[in-house]
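The working numbering numbers the first residue of the sequence shown as -3 and each following residue consecutively. Every residue gets a Cβ at the ideal spot worked out from N, C-alpha and C, and that includes glycine. Each remark here refers to the structure printed beneath this line.
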Amino acid sequence: MSSKLFLGVAVVLTVAFMSCNNSQNTQSQTEAQTEQKDEIMEGAPVFSALKGTYEGTIPGADNGGCKYTVVFGDDGRCTLTRTYKKEGLEPETITGTFEYSLALIPHIVCKFAKDAPVCFMRESNNEIIMVDEQGNEAEMRKDYILTRVDAQ
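Following this line, the structure appears as C-alpha cells:
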C-alpha cells in the first residue's frame, strides 16, 4: 500500500511539475514573440534610424544618368528628386510615403500616388542600394548605391 501511495504521489507531482514547466515555457515563448514583434514593428524608432538625405547617380540608357536624392522623414514620408544629366530634361520631385521593415524584402519601399514604387535595401547607416520590387540588386551593384549626405 505504501508503494502505491508513493507511486501515486510521484505521478501527481510529475504532472504538476510538467504543467508548471509548460506554463512557464508558454509564457517565455509569448514574451519572445512580443519582443520579436517590437524589433520588427514599423514606427518612429525604425523611421528615425533611416531619417536623412541620401544621394547617388544611377546610370541611364537614354538620359545620360540620373542623380537621385531621397529624403526620408521620421514620420514615414519621403521625397524623391530625379535630376537628369541629359540637357533639356527638367528635374522632377515626387512625394509619398515609405515602409521600412526588416521582416520584408526589400526593406524600404517608397510609394507614390502617380509613380511606380522605388525600392531600396539598407546597406548601413550611411548607404542604401536601389533594388527591384523583389529585392534583387542590379548587376553593377556599386552604380546603384545612394550615400547619406547629411549628418546623423
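CB-CB under 6 Å to Asn21, same chain, minus the five flanking residues each way: which ones, in chain order?
-> Any reading at Asn21 needs caution, since the residue's pLDDT is 46, under 50, leaving its predicted position unreliable; the model's value is listed next. In its chain, beyond the 5 residues on either side, no residue has a beta carbon closer than 6 Å to the beta carbon of Asn21.
If you run the structure through DSSP and keep just helix, strand and coil, what is Arg137?
-> helix
Pick from Ser44, Leu46, Pro55: whose alpha carbon is nearest that of Ala134?
-> Pro55
With DSSP as the reference, please indicate the residues paired to Leu142 in a beta bridge.
-> Ile124
If you run the structure through DSSP and keep just helix, strand and coil, what is Gly92?
-> strand
Roughly how many angstroms separate the alpha carbons of Thr143 and Arg118, rounded to a whole number?
-> 10 Å
Who are the Cβ neighbours of Ile141 in its own chain at under 6 Å, not counting the five residues just before and after it?
-> Gly52, Glu123, Ile125
Ordered list of beta strand (DSSP E) runs contained in the region 45 to 76, each at least 3 residues = 48 to 54, 62 to 68
Rounded C-alpha distance that separates Glu88 from Glu95 | 22 Å
Who are Lys107's beta bridge partners in DSSP?
-> Thr93
For Arg137, does the count of other Cβ atoms within 10 angstroms reach 16, so buried, or fall short, so exposed?
-> exposed
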